[in-house]
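Under this note's numbering, the first residue of the sequence shown is numbered 6, with each subsequent residue one higher. For every residue, glycine included, the Cβ atom is placed at its ideal position computed from N, Cα and C. Here the structure is a predicted model, which means the values were calculated and not measured.
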Amino acid sequence: MLNLGGSHAPLKFSLYADESKPDKSCPWLIIGILVLADAVKAEALMRLRAAREEFGYQREIHFQRITNLSTRRCGEKTAVALDWVRCVIGDRRRTWNLHVRAISPQRLNYSRFGSVPDDNIYTRFFRSTVSYAIKASIKAEPFSISRVFHDDSHLSNHQYFPWNAIRRLGWDDGVTFGTSEIEFVSSDHNRPAHPFPEAAEFIQLVDVWIGVFRQVLTSASSNVGKLEVANVAGDFLRTLNDPDHRCYSGTQIACSYEHRGRCSLGYFPHATLGKEEMAGLAADMKSHFYLGEKLLLFDDPAQMRMF
């Protein structure tokens, strides 16, 4: 597309974000970012909704609320989640660009993150995750980020979070944004007078993938529905997790290089950091993410044999 000056008009993309806080079953803070070209947004939404129509489930999809097997009574929610997971795994058109980062707060020095460390940690690593997701997923020039959507959160009232990442990425990475603040929206697309129901459904997709990754990483739940969905994504996540880019049997791709830039995992930090180490990493934490964390689901043969 050309603008009136004869140069190419920027391709536009939107970002959709969600997170999972650490708890007793999972010590990781997990951040997920979906990068989606605005030009394919309508088609992508139709793809998600086609699964809803096929299985007859129109309510919100939330991984933590998945319970039943897809083939059993009341398994429609699980069936939709399975379809969405397979949609991302089998993507050949590079429509679904999904990047997930896991942060271990226990290994960080909280004194480096001010009086509200949990929120400030999230603010800092959200920016790093978004920066990587944009650089990895978008190869077109010029481009702009038209909107950034985030699942509704108390962070909408945070002093810095709604605008900090956008402003800093504009300064540090030269990214052009069509918005000055993150837009917080309910992930329930059925909410009356929802201003962005399509964004809600894309956030649900991110939620499903965060839940799947959390299950594969920690083997947190023995619920059969969650395990069914996680097992479908298991080999794909093993491939993304492998520092040597080896492909594990069962994935629908030749090797991890085929989806490089489209989907990724990363962890931080590799070991507990002291004050001096934190100071040294502060300038560019995103370059210190690592791969190869142990995926506990594969250490539980009983759960793997269920399917």
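- For R78 and D177, the gap between their C-alpha atoms comes out near 52 Å.
- E65 carries a coil assignment under DSSP once its states are collapsed to helix, strand and coil.
- Where C79 is concerned, there is no enclosing alpha helix (DSSP H), because DSSP gives it neither an H nor an E.
- The alpha helix (DSSP H) runs of length 4 or more contained entirely in the region 12-69 are, from start to end of the chain, 46-60.
- Rounded to whole angstroms, L302 and G266 show a C-alpha spacing of 25 Å.
- Its chain contains S185, E186, I187 as the residues whose beta carbon lies nearer than 8 Å to that of W168, once the 5 sequence neighbours on both sides are disregarded; these appear in chain order.
- Exposed is the label assigned to D304, since fewer than 16 other Cβ atoms lie within 10 Å of its Cβ.
- Under the Cβ criterion (8 Å, minimum of three pairs), the region 70-90 does not count as touching the region 132-141.
- Sorting R91, R173, H159, I143 by C-alpha distance to the C-alpha of D23 places H159 at the top.
- With a cutoff of 7 Å on beta-carbon distance, I215 and G95 are scored as not near each other.
- Excluding the 5 residues flanking it on each side, E48 has same chain C-beta neighbours closer than 8 Å at T100, in chain order.
- With a beta-carbon spacing of about 5 Å, Y62 and V85 fall inside the 8 Å limit used to define contacts.
- Counting only runs of 3 or more residues that sit fully inside the region 67-139, the beta strand (DSSP E) segments are 102-108, in chain order.
- Assigned with DSSP and collapsed to three states, V180 falls in coil, not helix or strand.
- In terms of Cβ geometry, S192 and Q209 form a close pair [threshold 7 Å].
- A Cβ-Cβ separation of about 28 Å leaves H163 out of contact with C268 under the 8 Å criterion.
- For F189, DSSP records a beta bridge to H155.
- Counted as a single uninterrupted DSSP element, the alpha helix (DSSP H) harbouring L210 occupies residues 202-223.
- Counting along the chain, no beta strand (DSSP E) covers F303, and no H or E run does either.
- The beta carbon of R132 sits closer than 8 Å to those of N169, A170, R173, L174, all from its chain and outside the five residues before and after it, given in chain order.
- Residue T83 holds the alpha-carbon nearest to the alpha-carbon of R57 among L39, T83, W33.
- In this structure, the straight-line span from the alpha carbon of A204 to that of F182 is close to 17 Å.
- Shortest Cα-Cα distance from N102 to any of F18, G239, F218 involves F18.
- Within the model, the alpha-carbon separation for S30 versus T223 is close to 7 Å.
- Close CB contacts of P248 within its chain, under the 6 Å cut and outside five residues either way in sequence, are with L296, G297 (chain order).
- Minimum Cα-Cα distance from R52 among the listed residues P32, W89, N236 corresponds to W89.
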